[in-house]
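Enquirer: Encoded as structure tokens, here's the structure I'll be asking about.
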Amino acid sequence: MSAYELNESAVLDDETKDAIDIDRSVGDFSFPENHKYDAGYGLSKDTVDYISGVKKEKDWIREFRHKALEVFESKPMPTNWATDDLNNIDFDKIRYYLSDGQAPKRSWDDVPPEVLETFERLGVPQQERAFLAGVEAQYDSEAAYSNMMPELEKKGVIFVNSTEGLREHEEIFRPWFGKVIPTGDNKFSALNSAVFSGGSFIYIPKGVKLEQPLQAYFRINSENFGQFERTLIIADEGAEITYMEGCTAPKFETATLHSAVVELVAMKGAKIQYITVQNWSSNVFNLVTKRGVAHEDAEVRWIDCNIGSRLTMKYPGVVMKGDKARGEVISIALASDGQEQDTGAKMIHAANNTTSNVVSKSISVGKGRSTYRGQVHIPKHLKGCKNNTECDALLINSQSRTDTYPAITVRGNQHATQHEASVSQVSEEMLFYMQQRGISEGEAMSLAVNGFINDLAREFPMEYSVELKRLIELEMEGSVG
Amino acid sequence: MSLIVNNLQASIEETSILKGLNLEVPKGEIHAIMGPNGSGKSTLSKVIAGHDDYEVTGGSVTLDGVDLLDMEVDERSRAGLFLAFQYPAEVPGVSNANFIRAALQARLPKGEEIDAVAYYKSLYEKMDILEMDRQFTARSVNEGFSGGEKKRNEILQMMMLDPTFCILDETDSGLDIDALKIVSKGVNSMRSPDRGFLVITHYQRLLDYIEPDVVHVMADGQIVKSGGKELALELEESGYEFLKEEPAHA
């Protein structure tokens with residue numbers, strides 16, 4: 027285990043540092059609440075029963091929720107290794123379920139006007155028309171819109187929310203539900219298991235290859251709210267899918283909680299690519315558990331970009347269960363003043379000849395803090411496993427901080443692992459050089475940051491990498507001319 | 007434009023480096039500054055460009071009557087000042103084409119965009135003069151460049167930004183004779199009655215290719231001797247020994 031900290035020469039004085047900010051304005055708006063169902067403040071067995079009742083769930087799901095609540099209550103906050111900021115989450119001041127009681131609409135024309143305006147401002151219908159195979163748009167606890175191309179339906183593709191998935195397609199989803207990520211995996215997976223609502227349940231039949239991505243957009247509109255979507259994607263033998271998720275929330279004075287569970291199952295020869303662009307407002311605690319299982323010759327790739335939130339804790343994982351399975355995590359994190367991005371990857375090799383790759387880049391601005399936690403596990407009885415881990419951190423000034431905790435457990439001697447880590451700073455000399463060419467300090471910083479992530483930004487689909495660059499543009503606020 | 011440096015004093019971490027330096031480069035002229043190591047030549051170029059490490063404790067620097075010392079580094083650049091660095095910084099992940107474009111964009115009024123076709127046409131023309139491969143545009147700024155490539159890149163940027171006053175800080179260091187000729191060709195193509203040059207160098211060799219109008223000798227933070235281009239040849243022959251016999255006067 028090693029920790030890197032760079033606290034040397036200051037690159038920016040405080041004034042300049044205060045003047046640069048990241049554009050998070052795009053999601054910062056909200057509409058008055060209009061809820062038919064509101065589970066009220068605080069979490070108890072009654073809250074869980076209320077949610078289960080609204081959803082008219084079967085007994086086994088209600089019992090699953092009850093057990094999960096017990097696990098959640100029994101588990102301590104993981105502050106023995108994670109930040110004490112977790113103690114600032116007040117579970118009694120959060121509402122766990124808010125919805126207008128409407129089923130998701132298949133046409134944007136039927137969506138309530140304020141919800142439609144929300145998603146139009148975020149560009150969701152426009153993206154759907156341009157390049158998506160299907161979209162689910164979640165507003166607080168439930169999807170307001172859900173639709174996909176008719177030809178995919180004919181091929182047997184299922185793309186529904188969690189309630190519908192468990193009710194209408196129990197035989198497909200129940201065998202994997204809560205199996206990739208057990209309730210007790212961590213405190214927040216237990217919380218999600220108790221109060222989950224929304225998210226996507228997707229099944230891609232054997233041999234079906236989606237040419238265009240499916241997308242989910244998670245929008246929080248209400249204050250003092252927790253969003254707990256649950257996603258389960260099953261790609262049957264030889265199937266291929268790219269799934270993208272985006273998320274925003276207005277900036278409230280009080281804390282908002284987002285705690286999702288995402289389970290991926292790639293059967294023999296299947297490929298799942300899961301892309302996230304997380305741009306929560308700076309009052310959101312984003313505590314997410316994501317894991318995929320890759321069977322023989324299957325591939326699971328997590329492409330994860332974290333720009334927003336107050337605190338993100340997220341370590342996407344891949345369990346490589348079959349021979350020649352592949353797992354990959356590509357991650358970009360940007361931590362500004364007051365933000366903590368605690369991200370990483372878990373690669374569990376559980377079969378011979380499995381390959382995993384982790385590339386993580388983090389940027390810390392001002393007092394922002396980024397942490398990489400990696401776990402690579404290769405047991406003794408396996409042969410021919412490979413892991414490559416690269417983590418690079420960029421610090422924008424002397425108060426920024428980055429830590430790296432790679433834990434690589436390799437038993438046996440028939441494996442190949444490689445680990446590289448670097449910490450660099452936007453140096454004074456680099457800024458002076460760029461400024462001498464007439465580029466302002468803010469623009470110079472923006473160029474340097476975009477340059478740092480340039481190779482990873484290419485991994486995102488074109489439509490998203492443009493968005494990404496725009497989001498990461500650092501702007502001189504209030505500069506003259 | 008003409009550069010006037012008047013009684014310039016600057017220090018770094020309390021150590022005085024420039025000790026009342028006077029220099030005037032009228033527009034259309036090329037002046038060379040030579041001098042032993044540690045005389046403050048590179049400091050002079052960084053102070054004129056506005057590097058943070060140095061504190062100006064007295065004097066003035068004006069470019070065609072405009073006070074440079076009150077301006078930010080990027081403002082000085084946009085006012086027409088260009089510094090070709092002795093050790094150009096690397097900017098990983100940012101392509102040369104994007105970097106130069108950003109620098110040009112910074113000179114345009116808000117809302118105005120660079121014409122991409124015209125930009126590449128102009129970029130390729132200048133790269134041809136400097137005998138640079140087209141692939142160069144996609145490479146990250148100075149990353150993995152040889153010494154010669156870095157210096158050519160400095161001259162390319164200079165040609166693209168079309169400054170009114172250019173400082174070349176030891177542009178000849180680390181260059182073989184062929185690269186030196188190419189770089190000099192680029193500089194000479196920019197000679198103009200409206201543009202001034204200050205060429206800082208250790209060696210007379212560069213001045214065979216970029217012919218100066220005036221040569222200054224710098225020692226201990228001051229200009230101690232000025233003359234025609236023959237002064238450079240004298241220095242090449244007899245070195246800076248004379249400095250010991252003729253101590254500088256403030």
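Listed in order, the protein sequences are those of chains Y and R.
Taking the working numbering, the leading residue of the first sequence gets 27, the next gets one more, and so forth.
Taking the working numbering, the leading residue of the second sequence gets 7, the next gets one more, and so forth.
Ideal placement from N, C-alpha and C gives every residue a C-beta, glycine not left out.
Whole angstroms is fine: what's the gap from glutamine 241/Y's alpha carbon to tyrosine 459/Y's?
Expert: Using only the alpha carbons, I get a separation of about 42 Å.
Enquirer: Which ranges would you report for the alpha helix (DSSP H) in the segment 66-130 of chain Y if only whole runs of at least 4 residues count?
Expert: If we require 4 residues or more, the alpha helix (DSSP H) runs fully inside the segment 66-130 of chain Y come out as 71-80, 85-100.
Enquirer: Using the rule of at least 16 other Cβ atoms within 10 Å of the residue's Cβ for burial, across every protein chain shown, is methionine 224/R buried or exposed?
Expert: Under this definition methionine 224/R is a buried residue.
Enquirer: Closest Cβ-Cβ distance between isoleucine 48/Y and chain R: below 8 Å?
Expert: Caution is warranted here: a pLDDT of 48 is assigned to isoleucine 48/Y, below 50, making its placement in the model unreliable, and no coordinate value can be reported.
Enquirer: In chain Y, which residues lie with their C-beta within 7 Å of the C-beta of histidine 57/R?
Expert: Near histidine 57/R (Cβ distances below 7 Å), the residues of chain Y are Phe458.
Enquirer: Judging by CA-CA distance, which residue of Lys316/Y, Ile198/Y, Ser248/Y, Ile301/Y is the nearest neighbour of aspartate 262/Y?
Expert: Considering only alpha carbons, the answer is Ile198/Y.
Enquirer: Serine 390/Y to arginine 336/Y, Cα distance in whole Å?
Expert: Their Cα atoms are separated by approximately 13 Å.
Enquirer: DSSP puts glutamine 365/Y in a beta bridge; with which residues?
Expert: Bridge partners of glutamine 365/Y: none, in fact.
Enquirer: Pick out whichever of Glu485/Y, Ser453/Y, Arg463/Y, His61/Y has its Cα sitting closest to the Cα of valine 475/Y.
Expert: Minimum Cα distance to valine 475/Y is reached at Ser453/Y.
Enquirer: Report the neighbours of leucine 167/R on chain Y: residues whose CB is nearer than 8 Å to its CB, in chain order.
Expert: Chain Y residues near leucine 167/R: Arg463, Gly464.
Enquirer: When Cβ atoms are compared, which residues of the segment 126-148 of chain R fall closer than 9 Å to chain Y?
Expert: Of all residues in the segment 126-148 of chain R, Ser146, Val147, Asn148 have a Cβ within less than 9 Å of some Cβ in chain Y.
Enquirer: If you pair each beta-carbon of the segment 427-444 of chain Y with each one of the segment 392-400 of chain Y, do three or more pairs fall below 8 Å?
Expert: Touching, per the Cβ criterion.
Enquirer: Pairing CB atoms from the segment 206-224 of chain Y with CB atoms from the segment 280-294 of chain Y, are three or more of them under 8 Å?
Expert: Contact between the segment 206-224 of chain Y and the segment 280-294 of chain Y is present, because at least three Cβ pairs lie under 8 Å.
Enquirer: DSSP three-state label for arginine 317/Y, please.
Expert: Arginine 317/Y falls in the strand class under three-state DSSP.
Enquirer: From this set, Gly153/R, Ser146/R, Leu50/R, Ser190/R, which residue's C-alpha is nearest methionine 164/R's C-alpha?
Expert: Closest option to methionine 164/R, Cα to Cα, is Ser190/R.
Enquirer: For isoleucine 183/R, count neighbouring Cβ atoms within 10 angstroms of its own Cβ and tell me buried if that reaches 16, exposed if not.
Expert: The residue is exposed, with fewer than 16 neighbouring Cβ atoms inside 10 Å.
Enquirer: Is it right to say methionine 488/Y is buried, meaning 16 or more other beta carbons lie within 10 angstroms of its own, or is it exposed?
Expert: That one is exposed.
Enquirer: Excluding the five sequence neighbours on either side, which residues of its own chain have a C-beta within less than 6 Å of the C-beta of glycine 361/Y, listed in chain order?
Expert: According to the sequence displayed, residue 361/Y carries alanine and not glycine. For alanine 361/Y, where only same-chain residues beyond five positions count, the Cβ hits under 6 Å are Gln367, Ser390, Gly394, Arg395, Ser396.
Enquirer: Could you tell me whether the Cβ atoms of aspartate 323/Y and glycine 295/Y are closer together than 8 Å?
Expert: Yes, Cβ-Cβ distance for aspartate 323/Y and glycine 295/Y is below 8 Å.
Enquirer: Tell me, which residues are paired with tryptophan 134/Y by DSSP?
Expert: Beta-bridge pairing links tryptophan 134/Y to no other residue.
Enquirer: Given a cut-off of 8 Å on the beta-carbon distance, is the pair glycine 272/Y and serine 308/Y in contact?
Expert: Cβ distance not < 8 Å, so glycine 272/Y and serine 308/Y don't count as in contact.
Enquirer: Which ranges does the beta strand (DSSP E) cover as unbroken runs of at least 3 residues, wholly within the segment 21-54 of chain R, from first to last along the chain?
Expert: Within the segment 21-54 of chain R, the complete beta strand (DSSP E) runs of at least 3 residues are 21-31, 36-40.
Enquirer: According to the neighbour-count rule (16 or more other Cβ atoms, all chains shown, within 10 Å of its Cβ), is tryptophan 86/Y buried or exposed?
Expert: Exposed.
Enquirer: Might you give, ordered along the chain, the residues of its own chain that have their beta carbon closer than 7 Å to the beta carbon of proline 482/Y, omitting 5 neighbours on each side?
Expert: It should be pointed out that residue 482/Y corresponds to leucine in this sequence rather than to proline. Around leucine 482/Y: Ile356, Ile358, Val385, Lys387.
Enquirer: If contacts are defined as beta-carbon pairs under 8 Å, then threonine 170/R and aspartate 219/R qualify, I think. What distance do you get, rounded to the angstrom?
Expert: Going by Cβ atoms, the distance from threonine 170/R to aspartate 219/R rounds to 17 Å, so no, they are not a contact pair.
Enquirer: Does methionine 174/Y come out as helix, strand or coil in the three-state DSSP assignment?
Expert: Methionine 174/Y: strand per DSSP, three-state reduction.
Enquirer: What separation, rounded to the nearest whole angstrom, lies between the Cα atoms of isoleucine 48/Y and leucine 69/R?
Expert: The predicted model places isoleucine 48/Y with a pLDDT of 48, which falls under 50 and marks its position as unreliable, so this point remains unresolved.
Enquirer: Would you say phenylalanine 151/R reaches chain Y, if we count a Cβ-Cβ gap shorter than 8 Å as a contact?
Expert: Judged by the 8 Å Cβ criterion, phenylalanine 151/R is not in contact with chain Y.
Enquirer: Tell me the DSSP secondary structure of arginine 327/Y in three-state form.
Expert: Residue state, collapsed to three classes: strand.
Enquirer: Excluding five sequence neighbours on each side, which residues of the same chain lie with their C-beta closer than 6 Å to the C-beta of asparagine 312/Y?
Expert: Excluding positions up to five away in sequence, the list reads His284, Trp306, Ser335, Thr338.
Enquirer: Could you tell me how far apart the beta carbons of leucine 167/R and alanine 95/R are, in whole angstroms, since I believe they sit closer than 8 Å?
Expert: The Cβ separation is near 16 Å, so there is no contact.
Enquirer: In whole angstroms, what separates the C-alpha of leucine 29/R from that of glutamine 15/R?
Expert: Whole-angstrom Cα-Cα distance: 12 Å.
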